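Residue numbers (UniProt numbering): 1 to 462.
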């Protein structure tokens, strides 16, 4: 193709051939082809990005996949041509692979690139892909062995947006002060989203909150309302830093446990009433981020409403799966204290007892350090489980955490995830749901097990 240099041509050709080979062998090919392309041409991402109409980047600790799925559905409803790393491969290799997957040597139309991007990969992604919008969902403690403390990630983000100008919009969570005040590090215009519903306030900061001091002066932060971890309405007692008023705000929120939520969304274009089948307050934030980005792209409220309300859960993110014998699975990924605590808050807010399986691995994609389990409020499970199965490579650590919670639960430990899931399903009565809370690599293993049984697709086919 005219304009494609020999090195990039070789990288694209080799990656496409490898992808075909992996698919023929039954794999997904979401990472290896991009890795090969990077090896052949280290500048592949920057070169490939020129063939697309800019990018929309979604990053943050929690909610990247769901937010990008929500925005992708809005784009689809609006008939906007785009490509998306939908399978969630969000390191450089995954971004390169996605651009190659959708690249043809007769390419004429320039698509928008919707890219879920790993927190530490953001600098490379922003410098290479000419972002129109960057969504920053939140910043929580996560994978301490890989990322270090949250201040390190925030510093990486600040450097990543330094070179950007007003042609890029930063969509920022106003309730997370570590994210909201990134705007001061860039010339980009800021669009804020947040929650305005005091009825959902926790009253005080949870003990495992990550940011409790001012990002500007390290003074004491005071919270008038706390919605989730350190997210809420805050002000600094020392320097006067305050929460920015959200441009897009959720009001009158009604949470329906695992069924989803209803809310009124105040926007500069008018009021948007949503009924969404994605549960939990964290998904209210994800929806707000997607709505904000869609508005920044000039999409109208009717299209946004249809896109958000028609969105389904991404694989393993509050995903519901029907099994034989009228039994069901509800799978909710857990990977850090903030996310795990909110999952527990969503599922166990009532006295109804549930069948539960918690599975913890410590592979690289999970994070090798599992000490974060001690900051999860498992005490809320008291009296709310009919049976608790514990599985995964670090099942013993999880069982120890439950033991020291001081609550008396009927538990069973089975390290092998396939054996654990089979035993749990067999034991569970007809008509019941097993609530599975896995870390990332357990979730992938579980998807493979379910796909083999015909109960679910592989994640790259989702």
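Where is the CB? At the ideal position from N, CA and C, for every residue including glycine.
All values derive from a computational prediction rather than experimental measurement.
Next item on the list: Would you kindly work out how many angstroms separate the C-alpha atoms of residue 209 and residue 11, rounded to a whole number?
Entry: Cα-Cα distance, rounded: 44 Å.
Item checked: Per-residue burial, residue 335 [other beta carbons within 10 Å of its own, 16 or more giving buried] -> Buried, since its Cβ has 16 or more Cβ neighbours within 10 Å.
Note to self: Are the CB atoms of residue 122 and residue 59 within a distance shorter than 8 Å?
What the structure shows: Contact check for residue 59 against residue 122 passes: the beta carbons are separated by less than 8 Å.
Notebook entry, point to check: For the beta strand (DSSP E) that residue 252 lies in, which residues bound it at each end?
Noted result: That run of the beta strand (DSSP E) goes 248-255.
Item checked: C-alpha gap between residue 309 and residue 235, whole angstroms -> Between residue 309 and residue 235, the C-alpha separation is close to 34 Å.
Next item on the list: Go ahead and pull the three-state DSSP assignment for residue 382.
Entry: Note: residue 382 maps to coil in three-state DSSP.
Checklist line | Residue(s) in a DSSP beta bridge with residue 467 | finding: Residue 467 is absent from the model: the chain starts at 1 and stops at 462.
Note to self: With three or more beta-carbon pairs closer than 8 Å as the criterion, would you say the region 177-188 touches the region 152-168?
What the structure shows: Contact between the region 177-188 and the region 152-168 is established, with three or more Cβ pairs separated by less than 8 Å.
Notebook entry, point to check: Residues in its own chain within less than 7 Å of residue 370 by CB, not counting five upstream and five downstream?
Noted result: Taken in chain order, the residues that qualify are 360, 362, 394, 397.
Next item on the list: Take residue 110 and list the residues in its own chain whose beta-carbon comes closer than 8 Å to its own, dropping the five residues that flank it on each side.
Entry: Cβ neighbours of residue 110 beyond the five flanking positions: 51, 52, 53.
Check: Between the C-alpha atoms of residue 157 and residue 431, what's the straight-line distance to the nearest angstrom?
Finding: Those two C-alpha atoms are separated by around 47 Å.
Check: Leaving out five residues before and five after residue 475 in sequence, what residues of the same chain have Cβ atoms less than 7 Å from its Cβ?
Finding: Nothing in the structure corresponds to residue 475, since the chain is present only between 1 and 462.
Check: Between which two residues does the alpha helix (DSSP H) harbouring residue 151 extend?
Finding: Note, residue 151: alpha helix (DSSP H), 150-161.
Check: Can you list, in chain order, the residues of its chain whose CB lies under 6 Å from that of residue 98, leaving out five sequence neighbours each side?
Finding: Short of 6 Å from the beta carbon of residue 98, and not among the five residues preceding or following it, lie these beta carbons of its own chain, in chain order: 85.
Notebook entry, point to check: Can you tell me the Cα-Cα spacing of residue 421 and residue 391, whole angstroms?
Noted result: Each residue's Cα considered, the two are about 9 Å apart.
Item checked: Backbone CA spacing between residue 401 and residue 333 [nearest angstrom] -> Those two C-alpha atoms are separated by around 19 Å.
Note to self: Given the structure, does residue 408 come close to the ligand FAD, in the sense that its CB is under 7 Å from one of the ligand's heavy atoms?
What the structure shows: Ligands displayed in this structure: none; no statement on the ligand FAD is therefore possible.
Note to self: Here's the rule I'm using: 16 or more other beta-carbon atoms within 10 Å means buried, otherwise exposed. How should residue 459 be labelled?
What the structure shows: Confidence at residue 459 is low in this model, with a pLDDT of 48, below 50, so its placement is unreliable and no value can be given for it.
Notebook entry, point to check: Any chance the region 433-448 sits against the region 342-361, with 3 or more Cβ pairs inside 8 Å?
Noted result: They touch, by the three-pair rule.
Margin query: So, for residue 254: in the same chain, excluding its five sequence neighbours on each side, which residues have a beta-carbon less than 6 Å away from its beta-carbon?
Written below: The answer, listed in chain order, is 262.
Next item on the list: Would you tell me roughly how many angstroms separate the C-alpha atoms of residue 29 and residue 276, rounded to the nearest one?
Entry: In a straight line, the C-alpha of residue 29 is about 32 Å away from that of residue 276.
Item checked: Member of 151, 196, 126 whose CA lies at the smallest distance from the CA of residue 168 -> Here the closest residue by C-alpha is 126.
Notebook entry, point to check: Is it true that the CB of residue 366 sits closer than 8 Å to the CB of residue 440?
Noted result: If you check the CB distance, residue 440 and residue 366 come in under 8 Å.
Next item on the list: Evaluate residue 182 with the Cβ neighbour count: other Cβ atoms within 10 Å of its Cβ, from every protein chain shown; 16 or more gives buried, anything less gives exposed.
Entry: The residue is buried, with at least 16 neighbouring Cβ atoms inside 10 Å.
Next item on the list: Return the chain-ordered list of same chain residues with a C-beta closer than 8 Å to the C-beta of residue 328, the five sequence neighbours on each side being excluded.
Entry: Taken in chain order, the residues that qualify are 320, 321, 322, 432, 433, 434.
Next item on the list: Go ahead and label residue 364 buried or exposed: buried means 16 or more other beta carbons lie within 10 angstroms of its beta carbon, across all protein chains shown.
Entry: That one is exposed.
Item checked: Three-state secondary structure (DSSP) of residue 460 -> Low local confidence applies: a pLDDT of 43 at residue 460 is under 50, so the model's placement there is unreliable, with the coordinate-based value given in what follows. Annotated three-state conformation of residue 460 is helix, per DSSP.
Check: Along the chain, which unbroken stretches of the beta strand (DSSP E) at least 3 residues long are found entirely within the region 349-406?
Finding: You should have 354-359, 385-391.
Checklist line | the region 238-252 in contact with the region 193-213 per 3-pair CB rule at 8 Å | finding: Yes, they touch.
Note to self: Can you find the residues in the same chain that come closer than 7 Å, C-beta to C-beta, to residue 299, ignoring five residues on each side of it along the sequence?
What the structure shows: The answer, listed in chain order, is 74, 78.
Margin query: Here's the rule: buried if 16 or more other CB atoms are within 10 angstroms of the residue's CB, otherwise exposed. What is residue 142?
Written below: Buried, by the Cβ-count rule.
Note to self: Quick check on DSSP: helix, strand or coil for residue 435?
What the structure shows: In the three-state reduction of the DSSP assignment, residue 435 falls in the strand class.
Next item on the list: Have a look at the DSSP bridge pairing and note the partners of residue 242.
Entry: Within the DSSP bridge table, the entry for residue 242 names 235 as partners.
Next item on the list: Alpha carbon to alpha carbon, how far is residue 113 from residue 14? Give it in angstroms, no decimals.
Entry: Per the coordinates, the alpha-carbon of residue 14 lies some 22 Å from the alpha-carbon of residue 113.
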